[in-house]
Amino acid sequence: MNLSSQLIAVLGLLALATIAGLIWKAKTGTAKRVPNGEVIDLKEIGAIKDGKPVTSFGERVTFLQFSSEVCSQCAQTARLFHELEAQHDDVLHIEVDITNRLDLANKFNILQTPTTLVLDKNGVVTSRIGGAAKSQTIQDQLGSFHI
Amino acid sequence: MSATSKTPAGIDPRGPRFGAAITSVLLLVTVFLGLNPATESTAYALLFVITALFAVGAIFGNSKHPYGLFFKKFVRPRLTAPKELEDPRPPQFAQLIGFIVAAVGLVLGAFGVAYGVAGAAAAAFIAAFLNAAFAFCLGCQIYVGLQRIGLIKQH
Chain A
-10 MNLSSQLIAV LGLLALATIA GLIWKAKTGT AKRVPNGEVI DLKEIGAIKD
40 GKPVTSFGER VTFLQFSSEV CSQCAQTARL FHELEAQHDD VLHIEVDITN
90 RLDLANKFNI LQTPTTLVLD KNGVVTSRIG GAAKSQTIQD QLGSFHI
Chain B
193 MSATSKTPAG IDPRGPRFGA AITSVLLLVT VFLGLNPATE STAYALLFVI
243 TALFAVGAIF GNSKHPYGLF FKKFVRPRLT APKELEDPRP PQFAQLIGFI
293 VAAVGLVLGA FGVAYGVAGA AAAAFIAAFL NAAFAFCLGC QIYVGLQRIG
343 LIKQH
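Heads up: the sequence lines are chains A and B, in that order. Each residue of the first sequence is one higher than the one before, starting from -10 at the first, in this note's numbering. Each residue of the second sequence is one higher than the one before, starting from 193 at the first, in this note's numbering.
What follows is the structure, encoded as structure tokens:
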């Protein structure tokens, strides 16, 4: 390879990585509708909040966030949901660490963390957010559930 | 409250990204040199150094890595305090993946596989660049997947 084709290859790699990054950035943290979603079994997923088992869903909406221990964006996503919970009594956020719950990872086909399932007041999955949920995504989801 | 127990003390998230920026420049230079037979041995030497640095990061964590130390001493004092601290384990996991990919490049290079060094450097570059430029977190994307196919054991 001569110098100019080396340069073209390196610039091409840089362009490819940039395009991949822009696509990832645009798609990550957005919600996908889940038609005919299943009902979440709070016992099965081992939902615990503030040290106590969770027994009921949020009256308006529940955000079920699956996290893992090597996930820098999980804590930041959880923080967004905590802020939302503080503002709305009828919103519930549950965080489940799937690092040692491969059964859940398989059952819900989780490939990346955080992955957040949006549940209606009956615990039915209505949407799925892959990656660190964007603020706008969270607001849109909240807005789609009327009180 | 995080669902993860025993979370180690947080680090400035800009530290690992600062390191990833340096790493991605070095990897891009490695790709450039690795594509030309005349400079292939220089590329090999550079990838060797990068691999050793990945090993330091994978074993001792970002805060003990030379780039991390440089960041702490010279860069962070010039920045405002971070909005939030980050778990040190995800970037450490990313260093491990970087080490594996770079080491594969060294092995391919040792066996004389054409463009083995450049190819591995290119793969590692993409991850390092995405981390530096877009805050892409490799652990978030692949850890659970690697567990599910059995490459990482649960503990």
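C-beta: ideal position from N, C-alpha, C; glycine also.
- Per DSSP, reduced to three states, the secondary structure at residue 105/A is strand.
- Judged by pairs of C-beta atoms under 8 Å, the stretch 288 to 302 of chain B touches the stretch 236 to 256 of chain B, as three or more such pairs exist.
- Nearest C-alpha to residue 1/A among 307/B, 206/B, 237/B and 224/B: 224/B.
- Taking a Cβ-Cβ cut-off of 7 Å, the neighbours of residue 279/B in chain A comprise 61 and 64, given in sequence order.
- Minimum Cα-Cα distance from residue 30/A among the listed residues -8/A, 118/A and 93/A corresponds to 93/A.
- Residues are counted here when their Cβ sits less than 7 Å from a Cβ of chain A; for the stretch 196 to 225 of chain B these are 196, 205, 220, 223 and 224, given in chain order.
- Interface with chain A (8 Å Cβ-Cβ cutoff): residue 232/B is excluded.
- Identification of chain B residues near residue 14/A by a Cβ-Cβ cut-off of 7 Å yields 326, ordered along the chain.
- Inter-segment contact for the stretch 253 to 270 of chain B and the stretch 300 to 315 of chain B is absent: fewer than three beta-carbon pairs are separated by less than 8 Å.
- DSSP places residue 343/B in no alpha helix (DSSP H); its state is neither H nor E.
- The C-beta separation of residue 207/B from residue 263/B comes to about 5 Å, placing the pair in contact by the 8 Å criterion.
- With the rule of 3 Cβ pairs closer than 8 Å, the stretch 89 to 103 of chain A does not count as touching the stretch -10 to 8 of chain A.
- In chain B, no part has a C-beta under 9 Å from the C-beta of residue 25/A; the shortest such distance is about 24 Å.
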